[in-house]
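For reference, the structure is listed below as structure tokens.
Right, dumping it as structure tokens:
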């Protein structure tokens, strides 16, 4: 029975749906965990300095493929640990610029994966936020320096400047810093908030939504999970679809295909979820046009 290594940068709990999506992709290619494939899981619990040792452990166990979760850091750790075991990554950043592959269409070597354009989806979130909070002149951007989002921040700075909006960027990489970030946002009297994408924020969904509600800051988040948890809006590529595609690639590699010959998949399935209860709590009324383009409206 082949063994697949799963290397994640986060705790396991918040990523249960993602693991299920990987299993679905594997199943579509004929592999069922526990029947004809085994999966060894390694989670770094948001401690990125643990990733090299966890990757080395999977390599020492001679797994057939390594699948990585949590953007670039786990993928780079796996790449540094082996040049022979196939690696299938998932990231919201440009994998060429991040040093993961030499080309999108012909990755070469032992690595391929799934990516989506974080900059484009972040700018779309800004547009949706302004459509709902039409009087917003001061925008907040919450980012995590450890997850390499500088290019996204610069793009948002450029667009907000062109629109004549003020932008305040705050950073957080742990629970305490998130609390401090919202204190800063409130002090700067931001009218609306963009929450950047990243695996750490996905593990702090309830805290983020709770803080935005406490300070009455309209926020748009990078995914539907936030809206389901009570957040105002979520817009992002479908994370579960991207991980399903990862699972499909792992299955193909187990059947003999070479990762370097598999083009990096650029995910194009997006989800926009609007929470009307959260909107009412903020005295916001979505326009008919905004409601019409929502994939899901939570009453």
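In this note's numbering, the protein residues as written are 24 to 322. Glycine included, every Cβ here is placed at the ideal spot set by N, Cα and C. Note that this is a predicted model, so its numbers are computed, not measured.
For residue i, the first and last residue of its enclosing beta strand (DSSP E)
i: residue 64; result: 61-66
i: residue 125; result: Here residue 125 belongs to no beta strand (DSSP E), and DSSP marks it neither H nor E.
i: residue 86; result: Counting along the chain, residue 86 falls outside any beta strand (DSSP E), and DSSP gives it neither H nor E.
i: residue 215; result: 215-218
Residue from the options whose Cα sits closest to the Cα of residue i
i: residue 139; options: 207, 220, 192; result: 220
i: residue 298; options: 92, 286, 258, 292; result: 258
i: residue 193; options: 165, 174, 186; result: 165
i: residue 133; options: 282, 316, 302, 296; result: 282
i: residue 272; options: 34, 79, 48; result: 48
i: residue 39; options: 263, 296, 76; result: 263
i: residue 288; options: 188, 306, 267; result: 267
i: residue 78; options: 213, 108, 53; result: 108
i: residue 32; options: 82, 184, 222; result: 222
i: residue 185; options: 217, 146, 202, 212; result: 146
i: residue 200; options: 178, 280, 168; result: 168
i: residue 105; options: 113, 119, 90, 114; result: 90
i: residue 65; options: 227, 75, 210; result: 75
Three-state secondary structure (DSSP) of residue i
i: residue 207; result: helix
i: residue 316; result: helix
i: residue 145; result: helix
i: residue 249; result: helix
i: residue 47; result: helix
i: residue 36; result: helix
Neighbour-count burial assignment, residue i, 16 or more Cβ in a 10 Å radius
i: residue 197; result: exposed
i: residue 206; result: exposed
i: residue 276; result: buried
Residue span of the alpha helix (DSSP H) that contains residue i, given as start and end
i: residue 272; result: 262-277
i: residue 180; result: 173-185
i: residue 229; result: 228-237
Residues near residue i in its chain [Cβ-Cβ closer than 7 Å; skip 5 each side]
i: residue 102; result: 110, 123, 134
Contacts around residue i, its chain only, beta-carbon distance under 8 Å, and the 5 residues preceding and following it disregarded
i: residue 182; result: 146, 149
i: residue 63; result: 26, 27, 28, 29, 81, 84, 86
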